[in-house]
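Residue numbers (our numbering), protein chains in the order written: chain W, 246 to 701; chain D, 246 to 701. All residues carry an ideal CB built from backbone N, CA and C; glycine is no exception. The block underneath contains the structure these notes are about, expressed in structure tokens.
Below, the structure is given as structure tokens:
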């Protein structure tokens, strides 16, 4: 195993990277470059691969020792992982996967060609094969997909002395072993024995007397997000995963949970900007296009609808061209205000903080806030409009349109997540597109409609 | 200490909440309500408080036992914490804070009145006071602000037997104790002794022979984000924090790091929607207004600038009113495409993945993608425009404006984070506002300018 760096700083990582780049620039030193890579932690090699353009990345990848390829692939982002897997043949992929544990192979499997997965399954010893099949059977986003099989189990009726002897025989404990899992003959979970408790307790006592009898456990079908909240809420390091009969089948560790949280947060951030997934910065143009086109297409449709709303008022704009300059302000502020409301509500919904009895309270509050904003910003814009165009009526229409658009925005900002949650959809996905579509078309309609009514 | 629930599901939390709400509805049962609250984990009481409107929240808060108030305040979001602290007098606050450890008091301190903090400092025993002063001295976002002081230290030259006896005398180990820290007489860190290694090793050996001599350590001034990446990268549970002389001053645990990650991710999400911080869903209108006005004001300014760009072309719009309907499409798609580019680049920058030598490669790629998008979507819109308005020239202007705006968007999408990183600013903050401002004004200018040149 490669060693942990003793002190991490982003600068250290960048130093490694620069050292590799220097070697690459001088070209004829594969042995020296390999010597640079070998002592690095897999995560640090992954960092270097992520930061190199495709060509250099492949040069480095070919110097990585075969037995380390699996663990490094695990540390890579999906996009970069795919770029490397695409260059490997089946034999190399099977060899890389075989160095991993069942739960790790399952993490890699979605990116591997089907026949490679089958080859790997065939090549595994019987026991591992069963675990891998189990791991592959859980959907992404469930506890089952995050769990590993490195749990150490003990029986209730052995002494701590015997348990300690058993641990010594193992030589090294799996990472994140902060507790042993106590099971009966049928593998049913009876409790957990934290190492800290094992160490401070009298060795003559039995496991059953010292264990925590009722420990928090998860089912493999539980949403990963619920488990993540539990780990955070109760500061867990590991937790048992049990099936419907209470039989221990694996464990969940804090590092798997932390990876999940990071990934989720990245996904949200990317989705909000209209990227379907993490992108390799150095991806070919075509890959990036595939990652981004869907959102642009949706946006084109909503923009086109807004454009048709304006088109319906072309007669009014022809007679009062100032409307064309003023209308984007109304729609823009409406969109921003609606996004504020919807973001807050979607977050509160995700944290389970909004009870059904309080929706009317929420609507009332958001409409109150919209009124305050409408009077304030609408009034300000009305005055500015009057100063610019010298028309009190136009200023009044501007102020009123602003107020109504903000009310629309906050109403929709509550209604959209409410309805989506009611319909069993995830309120987060695409909320921002929906609200912006409403406020754009709505804002144009309100402003141009009022202008047509009162000014022409 | 209250017990961990044995099985967490969001539904369980909501059951607790409903039980409390039922009691509240029946009003005259404070004792029963208290009985409902007492067995709950502090994080679960916090969950209930977050989900209740202000009035009900205060009713429940007043039933919480004084000695639990501190730990519950710690679990609350800042906004809700403030709403409760505002109702407590100094004596209550001091009593609540005194139940906490030094690092926890430091977490709470920014929300407490200055005189309460002083009172708490005075009331603490000498040793704790020193720790609290130290904890208070580290800026938010540093390792120092996240660390705690629950580390257990041992000397190199004692036997594992003696170390184990010492641990037994402690009765219970602090949460997240996965390793002991090995220090010399001057508290200089010599290594770490993982509990897992202590358990599996021969008790006659000395700590120095078994310990991990070079363990990863942090400085209190290190950015918390670097530590978070290290915890994730190397799957740590705890790590020592040492001063410039290598003396151990505290430790960082995975739960503090996980809280930090969650908080950061929430902040990003909120900032992108223009909320300055997490909002109490039931906050009074005025509090929400303060949280949201700044972004709306900025947006008003950028929208106003865009409006003046349009104003400069009023003559053109008057002669060809179709321009008014078409221009928001160009600006809108430009904004979306720019946001995609900037989000990807800001993320890659934060992960340290972009080396200075690769910026030109990046620009070339993004411009290539913009050209592809411009030809495709611009061509499509050009055709649609021709169908709608029957003018080949107008369709051509639309297509060309689209292409140029997308090139502008991707150029700015790379340039803005590049320049901000160069100037030592955080490229993430407000990037979305900046790019949208550029693409709005720029898109209107390009489209209306081309139309004026070629059509009129």
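Are there 16 or more other CB atoms within 10 angstroms of the CB of residue i, so buried, or fewer, so exposed?
{"i": "residue 699 of chain D", "result": "exposed"}
{"i": "residue 522 of chain W", "result": "exposed"}
{"i": "residue 375 of chain W", "result": "exposed"}
{"i": "residue 584 of chain W", "result": "buried"}
{"i": "residue 514 of chain D", "result": "buried"}
{"i": "residue 637 of chain W", "result": "exposed"}
{"i": "residue 684 of chain W", "result": "buried"}
{"i": "residue 672 of chain W", "result": "buried"}
{"i": "residue 492 of chain W", "result": "exposed"}
{"i": "residue 396 of chain W", "result": "buried"}
{"i": "residue 501 of chain D", "result": "buried"}
{"i": "residue 270 of chain W", "result": "exposed"}
{"i": "residue 246 of chain W", "result": "With a pLDDT of 36 at residue 246 of chain W, under the threshold of 50, the predicted position of this residue should be treated as unreliable, though the coordinate-derived value follows. The residue is exposed, with fewer than 16 neighbouring Cβ atoms inside 10 Å."}
{"i": "residue 662 of chain W", "result": "buried"}
{"i": "residue 550 of chain W", "result": "exposed"}
{"i": "residue 490 of chain D", "result": "exposed"}
{"i": "residue 359 of chain W", "result": "exposed"}
{"i": "residue 357 of chain D", "result": "buried"}
{"i": "residue 334 of chain W", "result": "exposed"}
{"i": "residue 593 of chain D", "result": "buried"}
{"i": "residue 310 of chain D", "result": "exposed"}
{"i": "residue 262 of chain D", "result": "buried"}
{"i": "residue 248 of chain W", "result": "For residue 248 of chain W, the pLDDT reaches just 47, beneath the cut-off of 50, and the residue's location in the model is therefore unreliable, although a value from the coordinates is still provided. Residue 248 of chain W is exposed by the Cβ-count criterion."}
I'd like to know if residue i contacts chain A, where contact means its C-beta is closer than 8 Å to some C-beta of that chain.
{"i": "residue 409 of chain W", "result": "The structure shown contains no chain A; the protein chains it does contain are W and D."}
Checking 8 Å against the spacing of the C-beta atoms, do residue i and residue j come in under that value?
{"i": "residue 325 of chain D", "j": "residue 295 of chain D", "result": "yes"}
{"i": "residue 434 of chain W", "j": "residue 408 of chain W", "result": "no"}
{"i": "residue 485 of chain W", "j": "residue 387 of chain W", "result": "no"}
{"i": "residue 658 of chain D", "j": "residue 680 of chain D", "result": "yes"}
{"i": "residue 317 of chain W", "j": "residue 280 of chain W", "result": "no"}
{"i": "residue 308 of chain D", "j": "residue 284 of chain D", "result": "no"}
{"i": "residue 609 of chain D", "j": "residue 569 of chain W", "result": "no"}
{"i": "residue 495 of chain D", "j": "residue 393 of chain D", "result": "yes"}
{"i": "residue 368 of chain D", "j": "residue 339 of chain D", "result": "yes"}
{"i": "residue 688 of chain W", "j": "residue 575 of chain W", "result": "yes"}
{"i": "residue 650 of chain D", "j": "residue 597 of chain D", "result": "no"}
{"i": "residue 643 of chain D", "j": "residue 619 of chain D", "result": "no"}
{"i": "residue 418 of chain D", "j": "residue 445 of chain W", "result": "yes"}
{"i": "residue 268 of chain W", "j": "residue 287 of chain W", "result": "no"}
{"i": "residue 577 of chain D", "j": "residue 544 of chain W", "result": "yes"}
{"i": "residue 692 of chain W", "j": "residue 572 of chain W", "result": "yes"}
{"i": "residue 525 of chain D", "j": "residue 328 of chain D", "result": "yes"}
{"i": "residue 504 of chain D", "j": "residue 508 of chain W", "result": "no"}
{"i": "residue 530 of chain W", "j": "residue 617 of chain D", "result": "yes"}
{"i": "residue 440 of chain D", "j": "residue 441 of chain W", "result": "yes"}
{"i": "residue 347 of chain D", "j": "residue 377 of chain D", "result": "yes"}
{"i": "residue 517 of chain D", "j": "residue 677 of chain D", "result": "yes"}
Contact check, residue i vs residue j under 8 Å by CB: the rounded distance?
{"i": "residue 425 of chain D", "j": "residue 437 of chain D", "result": "7 Å"}
{"i": "residue 344 of chain D", "j": "residue 315 of chain D", "result": "4 Å"}
{"i": "residue 399 of chain D", "j": "residue 411 of chain D", "result": "7 Å"}
{"i": "residue 365 of chain W", "j": "residue 342 of chain W", "result": "5 Å"}
I'd like to confirm something about residue i: is its beta-carbon nearer than 7 Å to some heavy atom of the ligand MN, or not?
{"i": "residue 392 of chain D", "result": "The ligand MN is not part of the structure shown, which contains no ligands of any sort."}
If you measure beta-carbon to beta-carbon, which residues of the segment 549 to 564 of chain D are closer than 7 Å to chain W? Residues passing the 7 Å Cβ filter: 549, 551, 552, 555, 556, 559, 562 and 563.
Note down, one range per segment and in chain order, each beta strand (DSSP E) of at least 3 residues found wholly within the segment 426 to 495 of chain D. Entirely contained in the segment 426 to 495 of chain D, the beta strand (DSSP E) runs reaching 3 residues are, in chain order, 434 to 439 and 483 to 487.
Ignoring anything shorter than 4 residues, give me the alpha helix (DSSP H) runs that lie fully in the segment 317 to 352 of chain D, in order along the chain. Inside the segment 317 to 352 of chain D, DSSP marks whole alpha helix (DSSP H) runs of 4 or more residues at positions 323 to 330 and 335 to 343, from first to last along the chain.
Closer than 9 Å between beta carbons: that is the criterion. Which residues of the segment 439 to 452 of chain D meet it against chain W? Going along the segment 439 to 452 of chain D in chain order, one finds 439, 440, 441, 442, 443, 444, 445, 446 and 447 with a Cβ nearer than 9 Å to chain W.
Could you tell me which uninterrupted alpha helix (DSSP H) segments, each at least 4 residues in length, are contained entirely in the segment 361 to 395 of chain W, listed from first to last along the chain? Listed in chain order, the complete alpha helix (DSSP H) runs (minimum 4 residues) inside the segment 361 to 395 of chain W are 371 to 381 and 388 to 391.
Would you list, in chain order, the members of the segment 340 to 365 of chain W that have their beta-carbon closer than 8 Å to a beta-carbon of chain D? Taking a C-beta cut-off of 8 Å against chain D, none of the residues of the segment 340 to 365 of chain W qualify.
If you measure beta-carbon to beta-carbon, which residues of the segment 507 to 527 of chain D are closer than 9 Å to chain W? Here the close residues are 507, 509, 510, 511, 513, 514, 515, 517, 518, 519, 520, 523, 524, 526 and 527.
Pull out every residue of the segment 417 to 428 of chain D whose Cβ sits closer than 9 Å to any Cβ of chain W, in chain order. Using a CB distance below 9 Å, the part of the segment 417 to 428 of chain D facing chain W consists of 417, 418, 419, 420, 421, 422 and 423, ordered along the chain.
Relative to chain D, which residues along the segment 296 to 317 of chain W have a C-beta separation below 7 Å, given in chain order? So the close ones are 296 and 298.
Interface residues of the segment 605 to 636 of chain D facing chain W [CB-CB below 7 Å]: Correct list: 606, 607, 610, 613, 614, 617, 618 and 622.
For the segment 569 to 584 of chain D, which residues have a CB atom closer than 7 Å to at least one CB atom of chain W, in sequence order? Of all residues in the segment 569 to 584 of chain D, those with a C-beta nearer than 7 Å to a C-beta of chain W are 569, 570, 571, 573, 574, 577, 578, 581, 582 and 584, reading in chain order.
Output needed in chain order: residues of the segment 490 to 503 of chain W with a Cβ under 7 Å from some Cβ in chain D. Considering only beta carbons, the part of the segment 490 to 503 of chain W lying closer than 7 Å to chain D consists of 499, 500 and 503, in chain order.
Give the list of continuous alpha helix (DSSP H) stretches no shorter than 4 residues that lie fully inside the segment 600 to 653 of chain D. You should have 604 to 634.
Select from the segment 272 to 288 of chain D all residues with a C-beta closer than 8 Å to any C-beta belonging to chain W, and list them in chain order. Along the segment 272 to 288 of chain D, going in chain order, the ones with a CB nearer than 8 Å to a CB of chain W are 286 and 288.
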